[in-house]
Every structure is written in C-alpha cells, then in structure tokens.
Amino acid sequence: MGADDEYLSSDSDVEETLDDDEGGDFEFSDDDLDIPDDVDETLYDDECGDFERSDDDSDELVDDRGEKAYTVLTEEDIGKRQEEDISQVFAGLSIARASATILLRHYNWEVNKALDSWFADEEKVRKDVGLLEEQVVPIQDTENVIECRSCFDVFPRDGMCATGCGHLFCKLCWTKYVSIKIDDGPGCLTMRCPEPSCAAAVGQDMVNELVSDKHKEKYSRYLLRSYVEDQKKIKWCPGPGCEYAVSFVAGSSSYDVICSSDHSFCWNCLDDAHRPVDCDTVGKWALMNTNESENITWIFANSKSCPKCKVPIQKNEGCMHMTCSCKFEFCWLCLGDWSTHAEETGGYFACNIYEKAKAEGAYDEEEKTKQEAKDFLDRYAFFYERFALSEMELGVITDAGRQIIECRCVLKWTYAYGYYLPESEHAKKNLFDHLQGEAESGLERLHQCAEQELQIYLKEDDSDDVHHLSTSLYDFKVFHTKLLGLTKVTGNYFGNLVRELENGLSDVNSR
Amino acid sequence: MQASRARLFKEYKEVQREKVADPDIQLVCDDTNIFKWTALIKGPSETPYEGGVFQLAFAVPEQYPLQPPQVRFLTKIFHPNVHFKTGEICLDILKTAWSPAWTLQSVCRAIIALMAHPEADSPLNCDSGNLLRSGDLRGYQSMARMYTKLAAMPKKG
Chain P
1 MGADDEYLSS DSDVEETLDD DEGGDFEFSD DDLDIPDDVD ETLYDDECGD
51 FERSDDDSDE LVDDRGEKAY TVLTEEDIGK RQEEDISQVF AGLSIARASA
101 TILLRHYNWE VNKALDSWFA DEEKVRKDVG LLEEQVVPIQ DTENVIECRS
151 CFDVFPRDGM CATGCGHLFC KLCWTKYVSI KIDDGPGCLT MRCPEPSCAA
201 AVGQDMVNEL VSDKHKEKYS RYLLRSYVED QKKIKWCPGP GCEYAVSFVA
251 GSSSYDVICS SDHSFCWNCL DDAHRPVDCD TVGKWALMNT NESENITWIF
301 ANSKSCPKCK VPIQKNEGCM HMTCSCKFEF CWLCLGDWST HAEETGGYFA
351 CNIYEKAKAE GAYDEEEKTK QEAKDFLDRY AFFYERFALS EMELGVITDA
401 GRQIIECRCV LKWTYAYGYY LPESEHAKKN LFDHLQGEAE SGLERLHQCA
451 EQELQIYLKE DDSDDVHHLS TSLYDFKVFH TKLLGLTKVT GNYFGNLVRE
501 LENGLSDVNS R
Chain S
1 MQASRARLFK EYKEVQREKV ADPDIQLVCD DTNIFKWTAL IKGPSETPYE
51 GGVFQLAFAV PEQYPLQPPQ VRFLTKIFHP NVHFKTGEIC LDILKTAWSP
101 AWTLQSVCRA IIALMAHPEA DSPLNCDSGN LLRSGDLRGY QSMARMYTKL
151 AAMPKKG
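Chains P and S supply the protein sequences, listed in that same order.
Residue 423 in full-length UniProt numbering sits at position 423 of the first sequence; the count goes up by one each step and never skips.
Residue 28 in full-length UniProt numbering sits at position 28 of the second sequence; the count goes up by one each step and never skips.
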C-alpha cells in the first residue's frame, strides 16, 4: 500500500511537470507562430483551438493570451489564404480551379463545409451551385454558322462560346454580358449563363478569357472582398480608409483587437474597443445616449397626461384645477372631470376622491413606476456625466500632450536662433532671452500639470464611496479646466513667439 | 448603340413575319424611334381580363439586349403586380432574371402569363394583392373585371 501511495503521489508530480512543460511549449509555439502562420494555416488553427480549450478553466490565462487570438491581415495575406483554400478544394475534388472558387464562395469560403456537402450529395451541390456535370445542349461541332441568341447574328462555331451548359452565344455578346454584370457590382460572382433560366455558373476562367483588364481586376477585387465579407472568421477593420482585415479565433474571451494602423475596435460589434463591458451594454448605452428613450422616461416621471386629449402636462404651481389647452377641465390629483369636484370634495387644493382611492391603494402601482422612472433618470444622469467627462478628458489630455511636443520642438530651435543672433544687437538679445525664458517656464507649467497632477487622479481610483467620488469628480473638473487653460495659453504664447522670431524680433524697434 | 439597333431591327423583321402566328400580341415600333415600341395584348381567356385589349409601352435602353426594356401598362388594369397609377410591372424577367435571349415578343408573352397567374405576395397594387391573399377571389375578380370593362374594352353604343 505504502508503495502504491508513493507511486500515486510521484505520478501527480509528473503530471504537474508535464503541465508546466505544456504551458511552456505553448508560450513558445504561440509566439513563434506569429511569423509562419501563413505557411500552414490549418496547423495554426488547430493549435489555437487546443490552447483555447486547455486554458478554458483559467480565466486569467485567457485574458493574458486574449490579445493573441487574432491576426491582422494585409490584402496580400488575404489573397494568399484565399488561394490556399481554393487549392485545397481544387485538389480534394479534382474539379477546375474556377469551379472550386464558385463552390467555395457558395459555402461562404468554409472549406470543410464545401467538401462535406460535396461528398454527401454531389449531384445536389452541383445543381445548387450551377456546376453542371453534363452540357444541357451538346455543343455542336459543325461547319455551319450558328445564330447567336443575343444579337441574332450568325457566326461560325469558333466565334462562339458557352459555359458548362453548352448554350452558345457569340464572343462579343459574352464579353458585353460579363462586363455589364461586373459593372453591376459584387453580384457578378454569382453570374449565370445568359440563357433564360439556365442555372450554369460563369466562373473566373471565362471572365479572364473574355473581358478587359480593368474588368478582370474589378472581378478579382470582388472575389477578394467576398473572401473577407462572406466568411465569419475575418472582418475588415472599420477604421476610416483602413485596408487591413482581422482574422479572429473563435472562443477567445476578449474581442478587442488593434489593426496594424492602430485602429482599436471590438471584433464582434465593430464599435470602438470597449473592454470591460460587453457589446450589448455598448449597444444599449449608445441607444440611450442618442435615442429619445430617456426623454420619454422624463416625461413619464414628471408629467401626467390630459385625460381627454392625452397631451403630457407638467404642473409647476397653482391649484389642482387644471385646464388643458384642449379646454378640458380636470382635477390634477384624481384626473377626474372638474365638474364632479366642489367644496365637499376638498376644494381647489385637495381631492377627497383621490385621497379615498389612494388609501385603498388604487394609485400605488402608478406612483411606484413613476418613482422608479425618476430614480432611473437620476442614476443615468450620474453615470452619463462621468462617461462624457472621461471621453472629453481623453481629448484634453491628448491635446495637452500634442501641445507639449509641439512647443518642445519650437523651444529646441530657439536655441539655434539664439546662437545666430548677433551679440551686437543688445536690445534684440535681451528681448529674445526674455521671451525664451517665459516660454520655458510656461511650457514647464503645462508639462507639470499634464504629467504630475494627472497622476494624482490616476492613483485615486480605488475608492468606491459615491460621496468621495463626487468630491474627487469636482477636483477633477478643476484640474480639467486648468489643463485646458494652460494648453491654450501655452499654445498661443508659442504661436506668438514663433511669429516674433520669424519677423526678426522687429518689435524691438517699436518698444 | 449600334448593336442594340441591329438587334431591334431583326426583332422588327421577325415581328412582321410572326404577326399572323400570334393573334394575341400586336407589337408596333414607333415610326421615328426604334427604341420606342407599343404593344396591344389580349387579356387571357378564363381570367377577369378576358375580352379586354391592353396597351403596353416599351422603352428600350441602349444596352439592350444586355439590359431589359422598361415596360408599363398604358391601359388601366387592376392586377396585384401592376401599379394602379403608373402601370409599372413587377416581373422578375424585367429585372433580375432578365436574359439577353428574351425578345420584346417573349416579354409580351410573359406579361400575358403574369395576367393569368398573379403573384399576390409581391404586390405593387396592395388592394388587389390583399384581396387575393385574404382568399377573396370573387372580390378580386369582380374588381378586375370592372376595370377591364371600364378601360380595356371598346365603348358600346
């Protein structure tokens, strides 16, 4: 028994070491894969799948590695991947390259799905996709001329062509037909034979044979775009004018990605990156900020509707006798017709009908909902104020940073200016020294504020006491105003300084 | 431009020859403009359009036959797939399913077929479509017949 125990415990030791090793391996291969992942995509995908699964039980690890769960692709990379996928199908099914492309596009570029469907029911797939196995009309090998069904002119057999179905049209009509389809947009990728209700697909081989280079180029661009837009694993970066796409490994914990032009966005909802909140929260928050919904809530919480015409009314003063703009007179409390009210129901400032009904609980539900709506608005206002401020703050701080860099650059060159300023021009020299000194201290003040005072607020985050939050929010607003002011003043000062120096300190004469 | 003109000219000659062959369709080319055509079609029998003669206007684009002609009813007609005011026709072969192998003549045939088999689920005339969709075949037929009498038949007397 004792020996068994020992054996077991040593076994678990071994497992532990193995686990560690495995972790190490992954670290290595994952880093390593950044470069060669184009070489063997399937390997990369498999490994990533494994690593996601094995890490599932440890959230922290996934978060750490989350950033690596995507690859930024250039157009060239996309083309390569597409080419690989097509080759795989083309080799696997021994069908023409153009046919493989049509098939893959039909299955949204999912290689496995295309192959599985094909092997499950080739006949049906061929029909759905438009890759006919046999010609509908056998192409005649004839010496006679044939009439083109589009232009109604007659041509010798070699002046005509057809796709898989065998419906012959003259080459000129084909060229025009294909060019128009390409000009019409990405729908050209599902182009069919011009014969009415013929389902035979027209592939890239035929396109390349028939149309101008411009149209060929356009067609292959649509094909490339389709590879990104029609499959679920890759998305274009939503950054303005950005040409990168991002491929994402399903199952990662975080959707935040950064493309090679530093656009950071959420891969899932394509909004700005928004960790730690989820996409639903972002959607709801955006809706709330733009939408009428909180206005409606406000109206609901703070007004009553005229019982007759339903227009919302806010009561700000006066007695309970209301006269709506529709001329209907009613009691504010019980919303009953005013004609039922008199001295005995409580007069102008009370309402016995209301008091009685309220005592019986008739209004409880309504009051509760109204109070909830009010609370909701207060809460929303509290958080929105802070959200908006943080957003604005980002701008102020980056503006300040930019201003500092700009001014440091100007300041740098003023030293060169000083060096070349003739010693003999005393007045100018003095003015220059003064201006430069002012510039230095002004910039120092801004720099100090942006760098060190900001640190105070960055550190003070750990308190969750709401009251404390409000005070520090107030301080923060003060800081915000100060930084904004300093940025502006320093910017103006340096602007003037540059102008003055460029004018050769000519003001010295007028002083 | 030249290609479309040539093709239309061939259709014109074809129409001259077929005139006797298809008594339900009478296609006429505008005297001065080969891109403008009109057609008179007979309402198909056993439909509320029977006995009526309907006039169609064709505007043929320069890209014809690669692009479909624009066709509309000049005669008022109560039909789910024809706009009651403009006469615009909702028919797949005049839009996405167009093929250059179609001709003005075959378009007329397709329109006659559409008159006999209305598509209530893609209505341009919602009143007509709703009657059919709610199963009120009688309501639809009597409305359609009334408009056929009012607009597509020679006035008696």
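Don't be surprised by glycine CBs; every beta carbon is placed ideally from N, CA and C.
Only a predicted model underlies this, so the values are computations on that prediction, with no experimental measurement involved.
Three-state secondary structure assigned by DSSP to residue i
i                      : result
residue 323 of chain P : strand
residue 25 of chain P  : Confidence in residue 25 of chain P is poor, its pLDDT being 40 and thus under 50, which makes the residue's placement too unreliable to answer from.
residue 12 of chain S  : helix
residue 62 of chain S  : coil
residue 312 of chain P : strand
residue 506 of chain P : coil
residue 67 of chain S  : coil
residue 258 of chain P : strand
residue 451 of chain P : helix
residue 409 of chain P : helix
residue 149 of chain P : coil
residue 72 of chain P  : strand
residue 328 of chain P : coil
residue 129 of chain P : helix
residue 236 of chain P : strand
residue 252 of chain P : coil
residue 382 of chain P : helix
residue 246 of chain P : strand
residue 155 of chain P : strand
residue 201 of chain P : strand
residue 94 of chain P  : coil
residue 121 of chain P : coil
residue 304 of chain P : strand
Buried versus exposed, by CB contacts within 10 Å (16 or more), residue i
i                      : result
residue 394 of chain P : exposed
residue 512 of chain P : Lying before the first or after the last residue shown, residue 512 of chain P is absent from chain P, which here runs from 1 to 511.
residue 147 of chain S : buried
residue 125 of chain S : buried
residue 495 of chain P : exposed
residue 33 of chain S  : exposed
residue 23 of chain S  : exposed
residue 173 of chain P : buried
residue 2 of chain S   : exposed
residue 82 of chain P  : buried
residue 118 of chain S : buried
residue 31 of chain P  : With a pLDDT of 40 at residue 31 of chain P, under the threshold of 50, the modelled position of this residue cannot be trusted; read the value that follows with caution. Exposed: under 16 other Cβ atoms inside 10 Å.
residue 115 of chain S : buried
residue 202 of chain P : buried
residue 112 of chain S : buried
residue 262 of chain P : exposed
residue 11 of chain S  : buried
residue 102 of chain P : buried
residue 122 of chain S : exposed
residue 149 of chain P : buried
residue 99 of chain S  : buried
residue 26 of chain P  : Unreliable positioning characterises residue 26 of chain P in this predicted model, as indicated by a pLDDT of 39, which lies under 50. The coordinate reading is nonetheless provided below. Buried, since its Cβ has 16 or more Cβ neighbours within 10 Å.
residue 206 of chain P : buried
residue 70 of chain P  : buried
residue 167 of chain P : buried
residue 235 of chain P : buried
residue 289 of chain P : exposed
residue 64 of chain S  : buried
residue 364 of chain P : exposed
Contact belief for residue i with residue j at Cβ below 8 Å, rounded distance in angstroms
i                      : j                      : result
residue 109 of chain S : residue 87 of chain S  : Contact doesn't hold; Cβ gap of about 18 Å is too wide.
residue 38 of chain S  : residue 57 of chain S  : 6 Å
residue 129 of chain P : residue 106 of chain P : 5 Å
residue 76 of chain P  : residue 243 of chain P : Not really, about 10 Å apart at Cβ, beyond 8 Å.
residue 322 of chain P : residue 313 of chain P : 7 Å
residue 377 of chain P : residue 298 of chain P : 6 Å
residue 140 of chain S : residue 131 of chain S : 4 Å
residue 200 of chain P : residue 164 of chain P : 5 Å
residue 439 of chain P : residue 497 of chain P : 6 Å
residue 80 of chain S  : residue 128 of chain S : 4 Å
Q) Which of the residues in the UniProt domain "RING-type" (148-194) of chain P, read from start to end, lie with their CB under 7 Å from any CB of chain S? A) 149, 150, 151, 152, 173, 176, 177, 180, 194
Q: Taking only beta carbons into account, state which residues of the region 59-89 of chain S come closer than 8 Å to chain P, listed in chain order.
A: 63, 65, 66, 67
(Q) Using a Cβ-Cβ cutoff of 7 Å, what residues of the region 97-121 of chain S are near chain P? List them in chain order. (A) 99, 100, 101, 102
(Q) Going residue by residue through the UniProt domain "UBC core" (3-153) of chain S, where are the continuous alpha helix (DSSP H) segments of at least 4 residues, counting only ones entirely within it? (A) 104-116, 126-133, 137-152
Q) At what residue ranges does the region 265-299 of chain P contain a whole run of the beta strand (DSSP E), taking only runs of 3 or more? A) none
Q.
Under 9 Å, CB to CB, which of the residues in the region 193-211 of chain P have a partner in chain S?
A. 193, 194, 195, 196, 197, 198
Q. What are the start and end residues of each continuous alpha helix (DSSP H) run of 4 or more residues lying completely inside the region 160-196 of chain P, in chain order?
A. Complete alpha helix (DSSP H) runs here, min 4: 171-183.
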